[in-house]
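Line by line, the protein sequences give chains A and B. 8 is the number of the first residue of the first sequence in my numbering; add one for each residue after it. 63 is the number of the first residue of the second sequence in my numbering; add one for each residue after it. C-beta atoms are modelled at their ideal positions from N, C-alpha and C, and glycine is treated no differently.
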Amino acid sequence: MILENILQALFEIKANKMRSFLTMLGIVIGISSVIMIMTIGDSINNSVNDLLKSYGMSPAVAIVIQKDMANLEDSDNRDEYARPRRNTDLMDEELFKDVQENFSDRIDGIVLSDYYDGMASVGSKGDDVSIEGFNAQGDTKNIVNGRSFTASEYKDAKKVVLISQQLANKMFGSAEEAVGSPLDINLGNKPVTFVVVGVYGKSAGGVMSALVGEDNRSVYMPLKTVEELNLSGSPYDVGRYNYFMINIKPGTDLDAMCSDLSTFINAKYYANNDTYKVSVEPTDIDLSALTYIKLGIAAIAAISLLVGGINIMNIMIVSVTERTREIGTRKALGATPGEIRMQFLLESLVICLIGSFIGIGLGIAGGLGASSLMGVRATPSVTAIVVSVVFSMAFGLFFGYYPAKKASRLDPIEALRYE
Amino acid sequence: MNGNRVIELNKIYKRFYEGKPNELEILHGIDLTVNKGEFISIVGASGSGKSTLMNIIGALDRPSDGSYILDGVDVCAAEDNELSHIRNRQIGFVFQTYNLIPRNSALKNVELPMMYARLRKSERKRKAEELLEMVGMADRMTHNPDELSGGQKQRVAIARALANDPSIILADEPTGALDSKTGRMIMDLFHKLHEERGITIILITHSPELAEETERVLTLMDGQIIGEARGKSYDLREHSTGTL
Ligand SMILES: Nc1ncnc2c1ncn2[C@@H]1O[C@H](COP(=O)(O)OP(=O)(O)O)[C@@H](O)[C@H]1O
Ligand SMILES: [Mg+2]
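Quick look at the structure:
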């Protein structure tokens with residue numbers, strides 16, 4: 008009987024294609040928007056790690072701060088009150104090794120980086136560049152020509168660099184020409200000659216680059232090379248670090264890892280330090296533009312679902328009126344009020360389900376499209392799909408109930424007399 | 063009480079808009095008894111209350127007053143679902159305007175009452191095909207109502223009325239929208255059902271000739287039965303057009 012009614016409903020929907028389509032439209036738009044946002048949202052969440060990495064950022068950072076500070080932000084404001092950091096307040100290779108051994112199940116790598124503090128420029132045109140060094144674990148550059156640094160280059164602080172495609176074009180005409188060529192960099196008016204070993208390309212594409220900013224003015228070199236260039240200016244010994252960044256393994260709970268790691272480091276290395284401790288915090292990434300887009304789509308989704316639901320009720324009422332004679336006939340042939348109600352309820356349910364299937368299809372397509380546009384790994388949201396189906400069924404029942412009730416209550420005499 | 067009586071109407075009144083200022087009494091105390099297997103007709107002017115009476119007999123409507131016993135069941139006391147059940151199993155309606163469900167094939171239309179009777183799909187289909195064959199519509203089973211002529215539609219409607227082997231057929235001006243030749247064929251079909259299956263038939267008609275063919279002719283005027291006459295005997299074989 009129910010199957011029969013479902014078939015009958017499909018039949019009615021097919022017989023009134025245009026009307027059915029218009030009925031579904033709100034649901035289709037609503038559900039597809041929901042699926043789209045959820046897919047994009049999930050994709051971004053899944054990809055934040057990759058995304059950060061591709062910009063040389065890591066999902067978490069460990070940094071030496073004053074003991075009476077809750078976090079990094081506080082300490083930025085109050086640093087002046089503390090005694091200056093000494094070498095013994097900083098972190099070293101021994102600590103890093105210890106962390107990596109103890110957190111090998113969650114931590115993928117410890118990234119160390121350093122910047123050349125002064126102004127630097129290259130070539131006769133004097134292009135300003137920023138000089139940045141990283142350790143082998145921080146090497147995530149997308150090399151389009153040449154190679155990245157070798158283990159010995161890292162170890163021996165060789166004067167080798169990676170430059171951007173843009174800089175390569177400007178200075179050497181092409182990336183091919185650049186690789187292997189010497190590059191003079193003025194460090195505080197003192198020229199130092201480096202060798203270009205590789206050229207890096209865009210780190211991420213599309214909208215995401217616009218949001219985070221494209222990186223093409225950085226000149227990269229091995230960490231130790233930068234440290235040695237900076238020796239004169241730095242108050243600390245080489246191999247002593249104020250902070251390090253942490254890459255995590257997929258599936259790691261970032262917040263839990265941060266708190267576990269800070270407990271570990273502070274208990275073992277900073278228990279006796281009078282002023283400083285280590286704070287481990289997730290890296291903030293500003294995705295507020297995306298949040299606005301998501302909110303906008305969510306608003307559209309909510310409105311179209313509501314309009315869609317009312318639309319369904321409306322058209323079902325019209326349909327009941329149009330089919331008054333049919334309802335009267337069915338009653339004359341022995342349909343009970345309950346059976347009539349079931350028929351119309353299932354009709355609106357089926358319309359909503361078909362609408363939600365179409366919406367899910369469009370939403371996934373849209374979500375995947377948008378995700379690839381933003382250069383993040385796309386994952387259709389299973390939760391969103393399940394929720395959508397359940398939700399649209401509830402919708403069909405809720406907005407279909409009144410018309411169905413109306414149909415079931417029609418007086419068969421009136422219904423048969425209806426012109 | 064006679065076990066042969068299938069319909070017993072006792073002082074049936076029907077009022078519309080009851081209790082409102084525009085209350086309208088349409089039936090003024092109808093007494094009517096119909097025996098099993100009878101073929102009777104009801105004639106009367108338009109507006110005399112024929113359809114209203116028929117709706118009460120068919121358990122589509124309840125009388126405002128009076129008692130109605132259908133096959134031993136007190137219809138006035140029955141619940142809505144019970145009435146649906148009675149209409150489904152005991153009664154077959156044939157309407158002037160056919161009332162086939164649009165966009166549904168002849169076969170699906172005939173299956174409908176059997177669906178409400180919860181027959182299995184295969185059983186329904188078999189029975190519907192058999193009935194359509196009987197009314198001469200074997201070659202039109204998959205056609206939709208709008209692809210059928212008036213006479214063909216009415217034959218499908220009759221097949222549908224027979225779906226659950228009802229004991230009573232109620233036909234409200236079944237030939238009213240048909241030309242006389244087609245009407246004749248439909249009338250012959252009723253005679254055949256009456257004779258071969260012993261079905262009780264109540265026919266409302268405007269045609270005195272057709273009414274004459276039934277066993278008993280009741281005349282309704284302003285909501286009262288004002289006359290009852292015996293019909294002339296009718297020999298199906300003599301009149302049969304042979305194109306059923
Ligand atoms: N549901 C109804 N509501 C109000 N008036 C009705 C209703 N059904 C029938 N009538 C009135 O009852 C009278 C008899 O109608 P009906 O039984 O259809 O007559 P007939 O079938 O003999 O032409 C008519 O005046 C009609 O307008
Ligand atoms: Mg009438």
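Residues of the stretch 328 to 349 of chain A with a C-beta atom less than 8 Å from some C-beta of chain B are Arg-332, Glu-333, Gly-335, Thr-336, Arg-337, Lys-338, Ala-339, Leu-340, Gly-341, Ala-342, Thr-343, Pro-344, Gly-345 and Glu-346, listed in chain order.
Here the distance from the Cβ of Phe-78/B to the nearest heavy atom of ligand 1 is below 7 Å.
Taking 8 Å as the cut-off, the Cβ atoms of Lys-301/A and Ile-38/A do not count as close. Inter-residue distance for Leu-312/A and Arg-224/A is about 47 Å (C-alpha atoms, whole angstroms). Bounds of the beta strand (DSSP E) holding His-90/B are 86 to 97. One Cα belongs to Thr-114/B, the other to Leu-89/B, and the distance between them is close to 8 Å. Within 8 Å of the CB of Ala-179/B, the CB atoms of chain A belong to Gly-341, in sequence order along the chain.
With contacts defined as CB atoms closer than 8 Å, Asn-161/B and Ala-219/B qualify as a contacting pair. Using a C-beta cut-off of 8 Å, the stretch 270 to 283 of chain A makes no contact with the stretch 146 to 166 of chain A, since fewer than three inter-stretch Cβ pairs fall below that distance. With respect to chain A, the C-beta atom of Phe-101/B has no partner C-beta closer than 8 Å. For Ala-168/B and Asp-208/B, the gap between their C-alpha atoms comes out near 10 Å. Nearest CB-CB separation between Ala-22/A and chain B: below the 8 Å threshold. In the same chain as Asp-99/A, and ignoring 5 residues on each side of it, the C-beta atoms closer than 8 Å to its own belong to Gly-246, Arg-247 and Tyr-248, in chain order. Residue-level contact by beta carbon fails for Phe-252/B and chain A, as no gap is shorter than 8 Å.
Taking C-beta atoms under 8 Å as the contact rule, Leu-352/A and Tyr-408/A qualify, at a distance of about 7 Å. Within the DSSP bridge table, the entry for Ile-263/B names Phe-101/B and Ile-231/B as partners. Chain B has a Cβ within less than 8 Å of the Cβ of Ile-420/A. Counting only the Cα atoms, Ala-16/A lies some 14 Å from Ile-322/A.
Between the stretch 178 to 197 of chain A and the stretch 104 to 115 of chain A there are fewer than three C-beta pairs closer than 8 Å, too few to call the two in contact.
Under the Cβ criterion of 8 Å, Glu-354/A is not counted among the residues facing chain B. Ranked by how close their Cα comes to the Cα of Ile-102/B, the residues Cys-138/B, Leu-193/B, Thr-262/B and Lys-189/B have Thr-262/B in first place. Between the stretch 172 to 180 of chain B and the stretch 360 to 376 of chain A, the count of Cβ pairs shorter than 8 Å is below three; the stretches do not touch. Check the Cα spacing between Leu-119/A and each of Gly-48/A, Leu-230/A and Asn-23/A: the tightest is with Leu-230/A. Secondary structure note for Gly-154/B: it is in no alpha helix (DSSP H), and the uninterrupted beta strand (DSSP E) holding it is 153 to 156.
Rounded to whole angstroms, the gap between the alpha carbons of Ala-233/B and Val-397/A is 47 Å. The residues Glu-277, Arg-278 and Val-279, in chain order, have a CB closer than 8 Å to that of Arg-292/B in the same chain once the five nearest residues on each side in sequence are set aside.
Close partners of Ile-163/B in chain A (Cβ separation under 8 Å): Glu-333, Thr-336 and Arg-337. Residue environment analysis places Asp-49/A among the buried positions, since at least 16 neighbouring C-beta atoms fall within 10 angstroms of its C-beta. Closer than 8 Å to the CB of Met-8/A there is at least one CB belonging to chain B. Burial is judged here by how many other beta carbons sit within 10 angstroms of a residue's own beta carbon; Thr-46/A has at least 16 and is buried. Approximately 7 Å separates the beta-carbon atoms of Tyr-227/A and Phe-141/A; this is inside 8 Å, confirming the contact. Under the three-state reduction of DSSP output, Glu-144/B falls in the helix class. By the criterion of a C-beta distance shorter than 8 Å, Leu-404/A is surrounded in its chain by Leu-352, Ser-355 and Leu-356, once the five residues flanking it on both sides are discounted. In this structure, the beta-carbon distance from Ile-42/A to Gly-370/A falls below 8 Å. Short note on Asp-234/B: C-beta closer than 7 Å to some heavy atom of ligand 2. Legend: CB atoms of the stretch 136 to 147 of chain B lying less than 8 Å from CB atoms of chain A belong to residues Asp-142, Asn-143, Ser-146 and His-147.
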